[in-house]
Amino acid sequence: MPRIDPSRPNPYSGSPLDRAAGRRDDGDWIVAALDHPATLWTPVWRNRSLMQGVAEQRPEALLLTGPAAAGLRDSGGAWAFLGLLHGTPLFTVDISAEDAPTVGTFTDLRAVPGLLAPDDAAILAHARGLMHWRNRSRFCANCGAACAPRSAGHVLHCPACQAQHFPRTDPAVIMLVTRGDRALLGHSARFPGNMYSTLAGFVEPGETLEEAVAREVFEESGVRIGAVHYHSSQPWPFPASIMLGFYADALSEEIVLDTTEIEDARWFSRAEIRDHDAHGFKVPRGDSIARRLIDDWLALDE
Ligand SMILES: [Zn+2]
217 MPRIDPSRPN PYSGSPLDRA AGRRDDGDWI VAALDHPATL WTPVWRNRSL
267 MQGVAEQRPE ALLLTGPAAA GLRDSGGAWA FLGLLHGTPL FTVDISAEDA
317 PTVGTFTDLR AVPGLLAPDD AAILAHARGL MHWRNRSRFC ANCGAACAPR
367 SAGHVLHCPA CQAQHFPRTD PAVIMLVTRG DRALLGHSAR FPGNMYSTLA
417 GFVEPGETLE EAVAREVFEE SGVRIGAVHY HSSQPWPFPA SIMLGFYADA
467 LSEEIVLDTT EIEDARWFSR AEIRDHDAHG FKVPRGDSIA RRLIDDWLAL
517 DE
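According to my numbering, the sequence shown is numbered sequentially starting from 217.
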């Protein structure tokens with residue numbers, strides 16, 4: 217089974233940041249960094265990221281410094297220290313309370329798939345995911361009191377019950393099920409157009425990743441699988457997942473659909489997938505690990 221090529225990391229991974237986690241609890245250092253005019257800021261507005269060049273189809277992250285950045289800090293929204301970018305501190309701040317941000321144009325990361333440089337995509341995904349957690353975690357899940365941020369935005373502390381809450385990332389398995397020259401792809405009502413993609417689902421408490429792969433495939437398609445091989449993972453902060461990519465060998469072929477989960481599932485040959493337009497279906501977008509799993513499997517035959 218294909219292994220990931222380290223020179224080609226999955227989209228939204230491979231961040232150039234040194235997360236410098238040891239600095240998060242160094243209050244003096246954080247305050248000095250917050251006040252420094254050279255410090256970089258990547259604001260998030262309603263899950264969107266600050267970019268430039270979007271209209272020209274050449275989007276890039278717009279990192280702010282100096283007075284423009286100082287204004288963001290006064291917005292009162294959640295902020296966090298993301299790390300060091302080539303030695304310079306980089307922070308994020310959520311400015312969703314503003315009705316119309318004046319610092320520039322905010323764009324949904326998923327609206328520009330494959331157009332951002334990998335470094336920019338990774339940084340913006342990181343900031344978006346962290347701010348989503350902060351915005352959804354203002355009150356203690358244990359007792360309901362308002363939480364206060366600590367560790368430069370990476371911990372939420374409950375002053376009432378002393379609970380500490382940490383950023384949440386939900387594991388999801390995503391798998392290409394294969395049998396000889398054919399692969400099993402499904403179509404969900406949530407997919408755009410006539411797209412067929414790999415099966416996927418969230419890991420449940422008390423199961424291994426391999427068990428989650430087998431359960432999800434059987435639930436959605438009725439297909440039994442045998443060996444499971446890990447491929448790679450992908451941060452997927454849309455809103456809060458990490459996708460764990462696998463290949464799975466099918467032991468059976470008959471499809472029994474669970475139409476509450478997916479509308480259709482079919483076996484496709486490599487030739488059909490390569491020439492999907494001629495066969496009337498789409499494959500997943502280039503920024504997804506689903507596409508990576510499919511492409512790497514197709515390449516095995518070349
Ligand atoms: Zn509490």
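By construction, the Cβ of each residue, glycine as well, lies at the ideal position given by its N, Cα and C atoms.
Do residue i and residue j have their C-beta atoms within less than 8 Å of each other?
| i | j | result |
| --- | --- | --- |
| H403 | M411 | yes |
| A338 | Y228 | yes |
| S448 | G438 | no |
| R482 | D517 | no |
| G409 | K498 | yes |
| A368 | R289 | no |
| V389 | L425 | yes |
| A357 | H381 | yes |
| T308 | W295 | yes |
| P451 | A341 | yes |
| A399 | F484 | yes |
In its own chain, which residues sit with a C-beta less than 8 Å from the C-beta of residue i, not counting the 5 before and 5 after it?
| i | result |
| --- | --- |
| E276 | M267, Q268, G269, L332, A333 and D336 |
Could you work out which residue in the options is closest to residue i when comparing CA atoms only?
| i | options | result |
| --- | --- | --- |
| V319 | L278, T304 and W349 | L278 |
| E469 | A237, V433, E423 and Q380 | V433 |
| V393 | S231, W513 and R224 | W513 |
| P329 | R274, A254, V472 and D465 | R274 |
| W257 | A399, A271 and T304 | T304 |
| F407 | D397, S504, T255 and N351 | S504 |
| A236 | V429, L306 and A271 | L306 |
| D465 | G282, A430 and I246 | A430 |
| C377 | D386, G360 and P387 | G360 |
| P253 | P225, G293, T475 and A286 | A286 |
Just list the residues that DSSP pairs residue i with in beta bridges.
| i | result |
| --- | --- |
| L400 | V393 and W483 |
| D310 | V260 |
| A372 | First, the residue type needs correcting, since residue 372 is Leu and not Ala in the sequence shown. According to DSSP, L372 bridges with P365 and H381. |
| L460 | V389 and S449 |
| S265 | V260 and T323 |
| I510 | BP columns for I510 are empty, so no partner. |
| P305 | L300 |
Please work out which residues of its chain come closer than 7 Å, Cβ to Cβ, to residue i, disregarding the five sequence neighbours upstream and downstream, and give them in chain order.
| i | result |
| --- | --- |
| L467 | R440, I441 and G442 |
| G502 | P329 and G330 |
| A405 | E479 |
| P317 | W261 and I311 |
| P383 | L346, W349 and H370 |
| E488 | H495 |
| H373 | C363, A364, R366 and Q380 |
| T323 | R264, S265, M267, V270 and P275 |
| D386 | F418, A456 and S457 |
State yes or no: is the C-beta of residue i nearer than 7 Å to some heavy atom of ligand 1?
| i | result |
| --- | --- |
| A362 | no |
| N358 | yes |
| A376 | yes |
| A443 | no |
| A271 | no |
| A379 | yes |
Kindly list the residues whose CB is nearer than 6 Å to the CB of residue i, restricted to its own chain and excluding five residues on each side of it in sequence; keep chain order.
| i | result |
| --- | --- |
| P455 | H348 |
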